[in-house]
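Listed below in structure tokens is the structure:
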């Protein structure tokens, strides 16, 4: 088992109605003025916006608003937010929405206390040494952004979808109310399920060590996600399934599954970021395409863990059976498992591979993942 | 799934040699003077004491020492520590040892900022509203004291073994170096294994809700503990098994297994506290006696979860088979599973039940656990 540091100081407030106290919770920590970040308007339709505003107002917290954050969130919008924080001397950033919103809130929180361009952090030209406190009210369970220091942002000028990771931007408090997630479409539920599974299996397969507890934790998360997704596709208002899905999602990328494994790498995310950067498809949809293709290519590098996966998750025997079962499951919930299913021409494989290889270099995987290798993997898709 | 708050801000530093930087880590947080708490001398024999002193000195941290903390740690020693902190104006408490040492450090940290007697917190006469920062270097994996806000202390005057719980005394940083645990005797390893399993199954069986992920997490911890204990009994220097055992132990009582379950209760701990208070036996030994007796008595109240336990942990079918397998396993690793195996006369069952009932009242279980009921449970032991 490898040496590691585990430190996750995010406070999770989980359950019905918790968002109604967000103002009070933030005020207790001495915040008087914040930036409220949200997406393209659904929170205004379903009343969440009004409830959050009410809570902030009652707690005496003033706020400026930055709406319009899209999935695959844009650097240009993050720049807007940083300007607002600086010009209004705001003390914190509250994201109300899904992963894109909270990722944007984190990038704004880090950029607000930095002299240069926040993109410097993403291209590893600078390190985050301070950030404003971040708070989150989640409307989607997928990225675990509510309990980690990760932020993925798309540079709209360069078409690079890059990320940062720092405990300084871990939300101080995150609200997870499963009721706020009940209106997620079946399509997005499927993409979210794919994303959660992706978060766990990257390290599960690529790590240098496989401690028993960590492998079991991953299998527990995947089985929980599979079971609750199937319930929710039939019964979207099932609170317990929604809650169990959400909590499994949080656990999938809060640092715990990786502890002691030596860390592993994230090749599926690396390749997918190129897909969504170039074709603006949902991250989870891209992952459903990449994962089975990558598994078929990678399985020989860790046959024991691939067999274990087949056995523990699906009750099957061989690595190939496990991969086929996962691919079949993605397909069964409506996630695309081929490039053509997402209307991406195979002629673009070269472009995707080039874009992904840029990220591979940045993530220290350049040697294992040349553009040619990535193209070879994508031939399986 | 129930509403909950999950907040665990302890930073874990896990791996070989981490204790050599404890001074530097503490100094980074602005501490100049602390109380060093330890046990009955083993850390002086094995060189750990010298390495910690060296690290503190190099980092420019002055310290006072409180040694001699025993298992089932005493309130009188906690009082001594509080006096030392107050008279030397110390800023933090560092525990180097097992759960008893760190529990004592926590009680001292809370008591040092309180005008009254620290015992007030244990009998719920007062609530902890402030505490000095606590740090820990662990030499035993069992209580998860390294990653929770719990402290169990024995009032030597009244023979009450009571507890507190507050995130204010969660260690700021805990060092878990599995190498420091390699000299644990087979006997104590068995007691530790029992204790860890006890931490998980109390809520697993008594909770009002059983979310999939939480049940799987508990089963993952128990299976990991069983497998690694068996390895360590044959091969005490096996680093990976020692490490996996230690991390499973931490996960067993850091709040995660309980999240969303509605909380459940801790009847086995309640009854055991009476056993160790009256007979000064090891906590884990007492639990091995109590758990099978309690399971036989309780199984009818949650038959589905008892069947699940038998199936998922032992690959068996019925509740009774699962209970027998666990009892057999405790016995196989050398933990006592009857009162007589611990040289406790059955004539004392009345006294034990009376003492335990006092705690049941304090923990809000007085109605379910009358002295007569506790005596009935102990008849199974």
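Chains as they are written, first to last, in UniProt numbering: chain H, 1 to 381; chain G, 1 to 381. Don't be surprised by glycine CBs; every beta carbon is placed ideally from N, CA and C.
#1: Residues of chain G with a CB under 8 angstroms from the CB of residue 223 of chain H: which are they?
#2: Would you say residue 386 of chain G faces chain H, with C-beta separation under 8 angstroms as the test?
#3: Residues of chain G with CB under 8 angstroms from residue 247 of chain H, in chain order?
#4: Indicate the three-state DSSP secondary structure (helix, strand or coil) for residue 33 of chain G in the structure shown.
#5: When the cut-off is 8 angstroms and only beta carbons count, does residue 11 of chain G lie next to chain H?
#6: So, is residue 251 of chain H buried or exposed, given that buried needs 16 or more other C-beta atoms within 10 angstroms?
#7: Is it buried or exposed, residue 216 of chain H, if we count other Cβ atoms within 10 angstroms and call 16 or more buried?
#8: If you drop the 5 nearest sequence neighbours on each side, which residues of the same chain put their C-beta closer than 6 angstroms to that of residue 190 of chain G?
#9: Could I get the ranges of all uninterrupted alpha helix (DSSP H) runs contained in the stretch 134–209 of chain G, with 4 residues as the minimum, in chain order?
#10: Helix or strand or just coil, what does DSSP make of residue 6 of chain H?
#11: Does the beta-carbon distance from residue 218 of chain G to residue 204 of chain G come in below 8 angstroms?
#12: Could you check whether residue 34 of chain G and residue 61 of chain G sit closer than 8 angstroms to each other, using their CB atoms as the reference points?
#13: Under a Cβ-count criterion, where at least 16 other Cβ atoms within 10 Å of its own Cβ denotes burial, should residue 199 of chain G be classed as buried or exposed?
#14: Output the distance between the C-alpha atoms of residue 69 of chain G and residue 113 of chain G, rounded to the nearest integer angstrom.
#15: Thinking just about the alpha-carbon of each residue, which of H/110, H/124 and H/80 is nearest to the one in residue 92 of chain H?
#16: Starting from residue 78 of chain G and walking both ways along the alpha helix (DSSP H), at which residues does that stretch end?
#17: Going by DSSP, what residue range makes up the alpha helix (DSSP H) through residue 279 of chain H?
#18: Buried or exposed: which applies to residue 17 of chain G, given that a residue is buried once 16 or more other Cβ atoms fall within 10 Å of its Cβ?
#19: Let me check one thing: in DSSP terms, what residues is residue 62 of chain H bridge-paired to?
#20: Tell me whether the beta-carbon of residue 267 of chain G lies closer than 8 angstroms to the beta-carbon of residue 365 of chain G.
#21: How close, in whole Å, do the beta carbons of residue 263 of chain G and residue 207 of chain G come, if the pair is a contact with beta carbons under 8 angstroms?
#22: Should residue 24 of chain H be counted as a contact of the ligand GDP given a C-beta to heavy atom distance under 7 angstroms?
#23: Helix, strand or coil: which one does DSSP assign to residue 94 of chain H?
#24: Nearest to residue 212 of chain G by alpha carbon, out of H/227, H/47 and H/210?
#25: In the DSSP assignment, find the alpha helix (DSSP H) that holds residue 43 of chain H and state where it starts and stops.
#26: Are the C-beta atoms of residue 311 of chain G and some chain H residue less than 8 angstroms apart?
#27: So, helix, strand or coil for residue 13 of chain G, using DSSP?
#28: Quick one: is residue 301 of chain H buried, meaning 16 or more other Cβ sit within 10 Å of its Cβ, or exposed?
#29: Once you ignore the five residues that flank residue 311 of chain G on each side, which residues in its own chain have a CB closer than 8 angstroms to its CB?
#30: Counting Cβ pairs closer than 8 angstroms, one from the stretch 169–178 of chain H and one from the stretch 234–253 of chain H, do we hit at least three?
#31: How many Å lie between residue 354 of chain H and residue 52 of chain G at the Cα?
#32: Consider the Cβ of residue 14 of chain H: report whether some Cβ of chain G lies at a distance smaller than 8 angstroms.
#33: Quick check on the DSSP output: what are the complete alpha helix (DSSP H) runs of length 4 or more inside the stretch 320–380 of chain H, in order along the chain?
#34: Is it true that the stretch 115–127 of chain G meets the stretch 26–44 of chain G, where meeting means three or more beta-carbon pairs spaced less than 8 angstroms apart?
#35: Below 7 angstroms CB to CB, which residues in the same chain sit around residue 197 of chain H once its five sequence neighbours on both sides are set aside?
#36: Within the 8 angstroms Cβ cut-off, does residue 139 of chain H reach chain G?
If we stick to the structure as given:
#1: Chain G residues near residue 223 of chain H: 212 and 216.
#2: Since the first residue shown for chain G is 1 and the last is 381, residue 386 of chain G is missing from the structure and cannot be characterised.
#3: 1, 211, 213, 259 and 260
#4: strand
#5: yes
#6: buried
#7: Result: buried.
#8: 333, 334 and 335
#9: 186–206
#10: strand
#11: yes
#12: yes
#13: Buried: at least 16 other Cβ atoms inside 10 Å.
#14: 21 angstroms
#15: H/110
#16: 75–88
#17: 267–279
#18: exposed
#19: H/33
#20: Residue 365 of chain G sits close to residue 267 of chain G, with the two beta carbons spaced by under 8 angstroms.
#21: 7 angstroms
#22: Questions concerning the ligand GDP fall outside what the structure shown contains, since it holds no ligand whatsoever.
#23: strand
#24: H/227
#25: Annotation for residue 43 of chain H: the continuous alpha helix (DSSP H) segment containing it runs 42–45.
#26: Residue 311 of chain G does not count as touching chain H.
#27: strand
#28: Answer is exposed; the Cβ neighbour count stays below 16.
#29: 317 and 322
#30: yes
#31: 51 angstroms
#32: Taking Cβ atoms only, chain G reaches closer than 8 angstroms to residue 14 of chain H, which makes this a yes.
#33: 349–362 and 371–379
#34: no
#35: 222 and 225
#36: no
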